[in-house]
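Working notes, structure below.
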Amino acid sequence: MGPPDHNNRSRKRRQFTRRRAWTILGFLAPSAIFVTIFTYYPMLSGSQMAFRNWNLNDLSNTDWVGFNNFIEIFANADFWGVLGNTVLWVVGSLIPQFLIGFALALWLRRRFFLRGVYQAFIFFPWAVSGFLIGILFRWMFNGEFGVINDLLLKTGLIETPIPWLSDPHFAMTAIIIANVWYGVTFFAIMILAALQSVPDDLFESSAIDGAGKIRTLFSITIPYIRATLALTVLLRIIWIFNFPDIIYGMTGGGPAGQTHIVTTFMIDLTQQGNYGQASAVGLIVVLVLLVFSTFYLMAMREKKEQ
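Residue 155 is where the sequence shown starts when you use the numbering used here, and the numbers rise one by one after that.
In structure tokens:
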């Protein structure tokens, strides 16, 4: 047996550790219960609808139908067009958002007069509701009295007003422009925060070695913040994929479903009362994003190791 003092210290250490563990558990329990009740339970409850004949027009028949809802979704020709729109929506929004956001972050990293004011104006859109942004851009892209057509007419770039939101050829372009304007802020915030962690000594050393701005950007800046860039791009892809707010505010998925993405398509199924197929689409979205995120993170890890 050890000395009494050593045994007392060990007993007190165990008691302190146990007390601290219960304290931590007590602080975490409310948030865990809240997330379970309002996130995971509705998710699981809604998931089982995907395997039932759940239609508000006939609630007397909610039998288990297995994968029939998924089969009907994949057999629907509109769904494949929606998937194509979704890819265009994500890629067309992501690339300009990233490039413009990166440029703004590089610019805001420099010290200049009233930099804080410029940051406030650039970051402001992220605090506004996406649906409200959609309504504002719907007015701006109005074919009769919208400010976009007015500017294009006054500058002589067009001779007649363009029906942005009623023409299938222009509607997707209009909503992507609105989403680019809205999402640039996210990249600017995240990349600026990452850039501020880059030591100034690296830039000074590269300047002494005679490296130009382009060489410094690709040899120092981007490699140093690569992890942040990869995570930011992944998060933005997921959010754009699941972001129907602007589309519903501007076109509601029209004209003739030409601006529908998977989430607006799912909302339409819900409004039609077909909760079974809507839940099936929701599970497809979760599965697609899960698979994509897994392969994306694996590819980023392999690239980092190389």
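Glycine included, C-beta positions come from ideal geometry on N, C-alpha and C.
Tell me whether residue i sits in a helix, a strand or coil according to DSSP, three-state version.
i	result
R380	helix
W243	helix
N222	helix
N209	strand
P250	helix
G284	helix
Looking at the unbroken alpha helix (DSSP H) that takes in residue i, where does it start and where does it end?
i	result
P322	322-349
N428	That residue, N428, is in no alpha helix (DSSP H); it is neither H nor E in DSSP.
D354	354-362
F295	Here F295 belongs to no alpha helix (DSSP H), and DSSP marks it neither H nor E.
S214	Element bounds for S214: n/a, residue is neither H nor E.
Y194	Unbroken run through Y194: none, as it is neither H nor E.
D316	Strictly speaking, residue 316 in this sequence is Ile, with Asp absent from that position. Taken as a continuous stretch (DSSP letters only), I316 belongs to no alpha helix (DSSP H), as it is neither H nor E.
Which same chain residues, not among the five before or five after residue i, have their C-beta less than 8 Å away from its C-beta?
i	result
R263	L346, L349, Q350
L286	G403
V219	F205, R206, N207, G430
For residue i, which residues from the same chain have a beta carbon less than 7 Å from its beta carbon, with the 5 sequence-adjacent residues on both sides left out?
i	result
R292	L319, G403, M404
Q412	P322, A325, M326
L388	S447, Y450
Count the other C-beta atoms from every protein chain shown that fall within 10 angstroms of the C-beta of residue i, then say buried if there are 16 or more, exposed otherwise.
i	result
S359	exposed
G366	exposed
R390	buried
W208	buried
Q138	No information on residue 138 is available, as it lies outside the stretch 155 to 460 that the chain covers here.
A186	exposed
A231	exposed
W243	buried
D151	With the chain covering only 155 through 460, there is no way to say anything about residue 151.
Between the alpha carbons of residue i and residue j, how many angstroms are there, rounded?
i	j	result
A453	F446	10 Å
I362	I374	14 Å
G156	A175	In this prediction, G156 scores a pLDDT of 49, lower than 50, which makes its location untrustworthy; the coordinate-derived value is nonetheless stated afterwards. Distance between the alpha carbons of G156 and A175 is about 26 Å.
Y194	V440	13 Å
T370	V338	23 Å
V416	F267	45 Å
D399	I421	11 Å
R173	G180	10 Å
I312	V301	13 Å
Give me, in chain order, the residues of the same chain whose beta-carbon lies closer than 6 Å to that of residue i; leave out the 5 immediate sequence neighbours on both sides.
i	result
G408	none
F397	none
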